[in-house]
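Those protein sequence lines, which keep their order, are chains A and B.
Residue numbers for the first sequence follow the working numbering, beginning at 23 and rising by one.
Residue numbers for the second sequence follow the working numbering, beginning at 23 and rising by one.
Each residue gets a CB set at the ideal place from its N, CA and C atoms; glycine is no exception.
Reviewing the structure listed below.
Number of protein chains: 2
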Amino acid sequence: MPELRKDPILGRWIIISKERGKRPTDFIIDKIPSKGGFCPLCSGNEKTTPAEVLRYSDRSHTANAPGWSLRVVPNKYPALVIEGGLDKEGEGLYDKMNGIGAHEVIIESPRHGDSFVYLPLARMKQVFFAFRDRLIDLAHDPRFRYVMIFKNQGKAAGASLEHSHSQLVALPILPRMIVSELQGSLTYYKYKERCIFCDIIRQERRDAVRVVCENDMFIVIAPFAPRSPFEMWVLPRQHSADYITMSDHQFEMLTQIFSECLRRLDKCVPNVPYNFVLHTAPLRSKPLEHFHWHFEIAPKLTQIAGFEWGSGFYINPTPPEDAAKYLREVTI
Amino acid sequence: MPELRKDPILGRWIIISKERGKRPTDFIIDKIPSKGGFCPLCSGNEKTTPAEVLRYSDRSHTANAPGWSLRVVPNKYPALVIEGGLDKEGEGLYDKMNGIGAHEVIIESPRHGDSFVYLPLARMKQVFFAFRDRLIDLAHDPRFRYVMIFKNQGKAAGASLEHSHSQLVALPILPRMIVSELQGSLTYYKYKERCIFCDIIRQERRDAVRVVCENDMFIVIAPFAPRSPFEMWVLPRQHSADYITMSDHQFEMLTQIFSECLRRLDKCVPNVPYNFVLHTAPLRSKPLEHFHWHFEIAPKLTQIAGFEWGSGFYINPTPPEDAAKYLREVTI
């Protein structure tokens, strides 16, 4: 059973995934994902993954067999496990709890060579649908308070498999980053009675220097204080705290803008490794006036070294005004 | 002039170091520091660095010439600059200020091949002395509120030069990590009237499962909730909030224990890249009852990917109890 442990000074939680436990000699730095070898995410190899929890069928409705366009399966090496109770326990001045949660892999295409950036829009839209379907399903488990959805693209961004996929982790506690965003935006709301994200969108549209692209429903900006060069945020233009409330038209518009900004990024910095994460309301929230769901996309172009790690300060060599200009002006 | 910018939601500051500005095509991922080429940190090449701000002489007292055992020089490509005023400014709902600060390099040896881990104790002690001397000197500049001292060892930990060195960044604001530690430990102090770090040391010495090594004055533990495998904290056993108050005997004991725990780490995971950071009281603090200075040492064995980046949660495959056992039992 993995364990959740809290740093007593900072209140920061970490996951000790003992199942993945390694001896010192097991650490191989710069391990490269095998090319051309066996891929458990490819069509035809369905039996080598845990049984699917979601399937969008293409040609066949037989579970765990070919004929799908998208599958979601539990991670074979999960950071958290689904079975068990949420036992909380003290250990002297320390706090810990059972590592209960879900860890799933969203397989974005049956084909090994497909790249998320260049998926046809109808196919990419299925990925965003799958995020919603899993959020709705996992919200039924009262042990979970948050589902963190993210993508690691490229080895430098932490991907251990080449085949295009994203991941989700359902957590029994709110992640610190979400707590901070909820608190920060609530403080602003109490003072101004406005959503800070809505105010940011208004100011960015007026200034027009950090806007990368927009459509009817969504805007992509280079944030004012980005942690990494070419960081982008994708926000719904209308206030909304919860990703799962989107209409079909909104899903279409999200797909269009997401595809566009990733293609712009790929044209500026070809094959750049990147991460994206979805920040949405905690599971089973009532509608929140102060919080605004969004995606954060971070290309992996700088290294997190001692300074960033020890201070929480980031050094970024590229002003977002420059990044937005490059991204806007590149031909796609 | 670099710029400090604050994320309006999280209050997180970042440094935009425009001087280092890059065009998209300038990003070369996996750039490897040159081996065997020219090294500006080697003895004989003193003229290629900015003029030294501290020198411990070995054979000659001539500034910026050979004959030294340790030099501190301003970083040639500083993230922050020393000249100018602390102009604070709003930009709509955003906040920014001039990127005033100091960025210095502590050159730990005149010889290119020397490794910090295996420096003779008298030489390593000079490095810890230099940290103190720079802290005392930079505290005279009223614009600075904190000096972050850190080391990046190895390419994977962010080192861009092979020659053994550490760095410091003097900042006009308190880094978020230090603010969080100060707040977290103050909350505990208000409740218990005891320093939380002192309580941790008591509990760890009693439990004796996460202690790596100790001497008269210092203890090294694998923290209860470590972010990375084999993370270690080095703490003075007696309460002290400020690094600069150490006696000569304490410097000797710190050097002994620091050298020992790094050698243990190097025997467990040979040539592991790592970062260390010093967490000490803000400049010009009165003595703090609730805060306890310490070093945090983090081997770079796991990757910070989308999940950690988006959630602030860390996944660690190695329980600290196992890490401490390996570190204790290895032959050095």
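Taking a C-beta distance under 8 Å as the contact criterion, Gly112 (chain A) and Met23 (chain A) do not qualify as a contact pair. Looking only at A:His301, A:Gly328, A:Pro321, A:Val256, the smallest Cα-Cα distance to Phe313 (chain A) is reached by A:His301. Legend: CB atoms of the stretch 200-214 of chain B lying less than 8 Å from CB atoms of chain A belong to residues Ile200, Ser202, Glu203, Gly206, Ser207, Tyr210. Pro245 (chain A) and Thr353 (chain B) have their C-alpha atoms roughly 50 Å apart.
The beta carbon of Val169 (chain A) lies closer than 6 Å to those of Leu157, Leu160, Leu190, Ala192 in the same chain, with the five residues before and after it left out. When rounded, the separation of the alpha-carbon atoms in Glu330 (chain B) and Trp90 (chain B) is 42 Å. Remark: C-beta atoms of Gly328 (chain B) and Asn97 (chain A) do not approach each other more closely than 8 Å. Under the 10 Å beta carbon count, Phe240 (chain B) is surrounded by 16 or more other beta carbons and is classified as buried. Against chain A, the beta carbon of Pro132 (chain B) has no neighbour under 9 Å; the closest one sits roughly 23 Å away.
In this structure Ser269 (chain B) is not in contact with Leu143 (chain B), their Cβ atoms being roughly 16 Å apart against a cut-off of 8 Å. Taking 8 Å as the Cβ-Cβ cut-off, the stretch 245-269 of chain A approaches chain B at Pro245, Phe246, Ala247, Pro248, Arg249, Pro251, Phe252, given in chain order. The stretch 255-267 of chain B makes contact with the stretch 309-324 of chain B: 3 or more CB pairs, one atom from each, lie closer than 8 Å.
His125 (chain A) counts as buried, since no fewer than 16 other beta carbons sit within 10 angstroms of its beta carbon. Assignment of alpha helix (DSSP H) within the stretch 94-122 of chain A, counting only whole runs of 4 or more residues, yields no such run.
Counting other Cβ atoms within 10 Å of its Cβ, Tyr336 (chain A) reaches 16 or more and is therefore classed as buried. Where Arg77 (chain A) is concerned, the enclosing beta strand (DSSP E) starts and stops at 76-79. For Met199 (chain B), there is no enclosing beta strand (DSSP E); the residue is part of the alpha helix (DSSP H) that begins and ends at 198-214. With 16 or more neighbouring CB atoms inside 10 Å of its own CB, Pro132 (chain B) falls in the buried class. A distance below 6 Å between beta-carbons, with the five flanking residues on each side excluded, links Leu115 (chain B) to the following residues of its chain, in chain order: Pro30. The alpha-carbon separation between Glu351 (chain B) and Pro341 (chain B) amounts to approximately 16 Å. Here the stretch 271-288 of chain B lies against the stretch 224-241 of chain B, with 3 or more beta-carbon pairs under 8 Å apart. For Glu318 (chain A), the residues of chain B that pass the 9 Å Cβ criterion are Trp331, Gly332, in the order they occur in the chain. For chain A, the residues of the stretch 183-202 of chain B that bring a beta carbon within less than 8 Å of one of its beta carbons are Gln189, Val191, Leu193, Pro197, Arg198, Met199, Ile200, Ser202, in chain order. In the DSSP assignment, Val149 (chain B) falls within the unbroken alpha helix (DSSP H) covering 143-160. In the displayed model, His185 (chain A) falls within coil according to three-state DSSP, outside both helix and strand.
Under DSSP, the beta-bridge partners assigned to Cys235 (chain B) are B:Val242. The beta carbon of Ser39 (chain B) sits closer than 8 Å to some beta carbon of chain A.
For Glu282 (chain A), the enclosing alpha helix (DSSP H) covers residues 270-290. Inter-segment contact for the stretch 56-72 of chain A and the stretch 175-190 of chain A is present: three or more beta-carbon pairs are separated by less than 8 Å. Annotation for Tyr348 (chain A): the continuous alpha helix (DSSP H) segment containing it runs 342-351. About 41 Å separates the Cβ atoms of Ser39 (chain B) and Pro309 (chain A), ruling out a contact at the 8 Å cut-off. Contact annotation: Ser188 (chain A) and Val149 (chain A) have beta-carbon atoms nearer than 8 Å.
With a threshold of 8 Å between beta carbons, Pro100 (chain B) makes no contact with chain A. A Cβ-Cβ separation of about 4 Å places Phe172 (chain A) in contact with Val299 (chain A) under the 8 Å criterion. Using a CB distance cut-off of 8 Å, Gln225 (chain A) counts as an interface residue toward chain B.
Going by DSSP, Arg27 (chain B) is part of no alpha helix (DSSP H) but of the beta strand (DSSP E) stretching over 25-28.
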